[in-house]
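Visitor: One structure is given below, represented as structure tokens, and several questions about it will come after.
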């Protein structure tokens, strides 16, 4: 028998306009629509026809962007909010880690709060007595347990909340992104507890943005987008699909942004502070493309990039240099070069033309980068200098840091045992 | 109906939780004060002092049962003010806010919402119980004898308990949708207080000789509850069975209606508070 069954569940929220708040009791009575006025016309579909089953003893992950309905789903499974249509059934006792320490009363001590919170979560006083020491020890609050909870730091508050909830020892544990606030020593211990839960063959529904953890601990993963279930299946596959989607969304967002900037740029090209020079050679257009010549703004570190500049030289010019520079969001120059530095000597140019610089692999780390392009004289007098006018983004699967990602590989001698994630 | 009965069965299941939360409320209320629990006794005493000063010594109501003594009148006042102010008015005002104040519990935990008004009524009931010995101690001090009719006090208390619960269910659930109720309630309670024979007795000639006023007061369920207290403690008479019985039925109806509306609106609480 599955531990959690979710059948055709939809959750529709009513969208209240600010105006609605001004509707008062009096006006409702006068109009005689006390109950009707409680309803609103506009609806927000937080969950749309969700179906899944979680087998007993397995860990089920839910991923998705903010506002995709993950928390709503968890609340529906926990029974906190009711599905508008559909059916949810959960077999066994449930404990939900939605907000840690939600039921704490600030004025009374940690000790009293443990008892009250325990009762709220369905424990009896005797059970709490038994577990009390464990709870305090796990939360590392031995010295503060008799102080009012209002004096606790947010970390202490959270530790106590987690410690109580996990010690309730339910059959089904629902975890909602609660670990994001813990410090470096507490989070691993929480994960360890969750891992222990898994070993005990308890069922876990795990909502998180931390894809690495989801991949590590979940047996199956569902991906929600705008309230709909986009994919359900093995973690690796679903997470990959999700990452692909996020990347393509980034690409569209980025293009949108660039387009907006371009429009502004066309209106007032001269006013742009980030552009200067006498325009004897004018850079008309700059395009960023992949190696196949398709315009693109979000790259992975192993991708190549082509920077293409269309220019127009009014008069015949003998002395000219084309250059590019790549800057990261902190303004650090990651790489800059020009045609002179690389050994090209200018001979002559006139009219329209095109310069491209092809980068075989970008080898950069995650982040947004800005591009300088310029045409200038050898002594530095600028014809047309574009400062940080173009940008692109590196979206990497790895969380490595630095300004540059040299191509590298790891090798281990046979006595070092390692497995790679895929 | 069946659903309601099942719900009430569930309520019984939550008795430990209710008890725990009531204890929490009581502990938290005076936490950090120097006098602590003593405030539960001092508050009604101070209240009584103010009313005795103003009404007993300055206004001096004349009624045969007061023997022209402000002190006896003070005892009469106390019989009504204690259950009204310390219990009924305090619970109502707290309930108007309790779902919003405890929004975290409703939104973030699987929590039986209906126990919040119950906790509010019950914790104020405990405060009332703390005040009760003081009230009883005043009886011989003011020269009145204890009578066997004191034994009927629990019945009056029960009626008030059910009435207050029903009223608080109604207030607490409606306030979530109409925040205005909080302000309306403050004024309503003042009006209601003076429409109930608390600072004046029902036997006042001005009341008895005015048929409209008399009917109006008789229609107020709190009249009979307060009269019940005055009968048991002050007059030493048998409570008016018929009147109190009707009030009891009315309280039950209010309780069911209040709970029904609360239950109907329950699902909207997590998104509204």
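Protein chains in written order, with the working numbering: chain U, 21 to 442; chain Z, 24 to 296. Think of the CB as a built atom: it goes at the ideal place given N, C-alpha and C, for glycine as much as any other residue. It should be emphasised that the depicted structure is a prediction, and the values quoted were computed from it without experimental measurement.
1. Quick check on the DSSP output: what are the complete alpha helix (DSSP H) runs of length 4 or more inside the segment 210–244 of chain U, in order along the chain?
2. Secondary structure at residue 38(Z), three-state DSSP: helix, strand or coil?
3. In its own chain, which residues sit with a C-beta less than 7 Å from the C-beta of residue 86(Z), not counting the 5 before and 5 after it?
4. Considering only residues of the same chain and omitting the five flanking positions on each side of residue 296(U), which have a CB-CB separation below 7 Å?
5. Three or more C-beta pairs closer than 8 Å, one from the segment 143–163 of chain Z and one from the segment 109–123 of chain Z: is that the case here?
6. Please classify residue 155(U) as buried or exposed, where buried requires at least 16 other C-beta atoms within 10 Å of its C-beta.
7. Identify every run of the alpha helix (DSSP H) within the segment 111–137 of chain Z, keeping only runs that are complete inside it and at least 4 residues long; order them along the chain.
8. Decide if the segment 352–369 of chain U is in contact with the segment 257–273 of chain U; the criterion is three or more beta carbon pairs, one per stretch, under 8 Å apart.
9. Helix, strand or coil for residue 366(U) per DSSP?
10. Should the segment 322–333 of chain U be called in touch with the segment 383–402 of chain U, which here means at least 3 C-beta pairs below 8 Å?
11. Which first and last residues belong to the beta strand (DSSP E) in which residue 98(U) is found?
12. Using the three-state DSSP reduction, which class does residue 423(U) fall into: helix, strand or coil?
13. For residue 12(Z), is the classification buried or exposed, using 16 other Cβ atoms within 10 angstroms of its Cβ as the cut-off for buried?
14. Are the C-beta of residue 111(U) and some C-beta of chain Z separated by less than 7 Å?
15. Between residue 132(Z) and chain U, is there a C-beta pair that is closer than 7 Å?
16. Just checking, does the segment 74–91 of chain Z make contact with the segment 38–55 of chain Z on the three C-beta pairs under 8 Å criterion?
17. Identify whether residue 42(U) lies in helix, strand or coil by the three-state DSSP scheme.
18. Straight-line CA distance for residue 68(Z) to residue 147(Z)?
19. Looking at the secondary structure, which residues open and close the alpha helix (DSSP H) in which residue 140(U) lies?
20. Under the assumption that residue 229(U) contacts residue 169(U) (Cβ atoms under 8 Å), give the Cβ distance between them as a whole number of angstroms.
21. Identify, in the order they occur along the chain, each residue of the same chain with its Cβ nearer than 6 Å to the Cβ of residue 105(Z), setting aside the five sequence neighbours on each side.
22. Please name the residues in the segment 94–128 of chain U whose beta-carbon is closer than 8 Å to at least one beta-carbon of chain Z, in chain order.
23. What does a CB cutoff of less than 8 Å around residue 64(Z) pick up in its chain, not counting 5 residues either side in sequence?
24. Counting only Cβ pairs nearer than 9 Å, list the residues of chain U close to residue 112(Z).
25. With residue 72(Z) as the anchor, note down where its alpha helix (DSSP H) starts and where it stops.
26. My assumption, with CB atoms under 8 Å, is that residue 30(Z) sits in contact with residue 286(Z). Please give the rounded CB distance.
27. Determine the burial state of residue 211(Z): buried for a count of at least 16 other Cβ atoms within 10 Å of its Cβ, exposed for fewer.
28. Can the beta-carbon of residue 118(U) be found closer than 7 Å to that of residue 184(U)?
29. For residue 265(Z), is the classification buried or exposed, using 16 other Cβ atoms within 10 angstroms of its Cβ as the cut-off for buried?
30. Quick check on residue 48(Z): buried or exposed, where buried means 16 or more other Cβ atoms within 10 Å of its Cβ?
31. Could you tell me the alpha carbon to alpha carbon distance between residue 208(U) and residue 224(U), rounded to whole angstroms?
32. Since residue 110(U) is in the beta strand (DSSP E), which residue starts that stretch and which ends it?
33. Determine the chain U residues that contact residue 266(Z) at a beta-carbon separation under 9 Å, and present them in chain order.
34. I want to see whether chain Z comes within less than 7 Å of residue 234(U), judged by CB atoms only; does it?
35. Check residue 361(U) in the structure and name its three-state DSSP category.
36. Answer with yes or no whether the minimum CB distance from residue 210(Z) to chain U is below 7 Å.
Guide: Put simply:
1. 231–237
2. helix
3. 224, 226, 227
4. 402, 405
5. yes
6. buried
7. 113–124, 126–131
8. no
9. coil
10. yes
11. Careful: residue 98(U) lies outside any beta strand (DSSP E), inside the alpha helix (DSSP H) at 90–98.
12. coil
13. The requested residue 12(Z) is not part of the displayed model; chain Z covers only 24 to 296.
14. no
15. yes
16. no
17. In this prediction, residue 42(U) scores a pLDDT of 48, lower than 50, which makes its location untrustworthy; the coordinate-derived value is nonetheless stated afterwards. Helix.
18. 16 Å
19. 130–140
20. Not really, about 28 Å apart at Cβ, beyond 8 Å.
21. 67, 154, 158
22. 95, 98, 99, 100, 101, 102, 114, 116, 118, 119, 122, 123, 125, 127, 128
23. 153, 154, 157
24. Within chain U, no residue comes near residue 112(Z); the closest Cβ sits about 20 Å away, beyond 9 Å.
25. 62–74
26. 7 Å
27. exposed
28. no
29. exposed
30. buried
31. 17 Å
32. 105–110
33. Those within 9 Å of residue 266(Z) in chain U number zero; the least Cβ separation is about 30 Å.
34. no
35. coil
36. no
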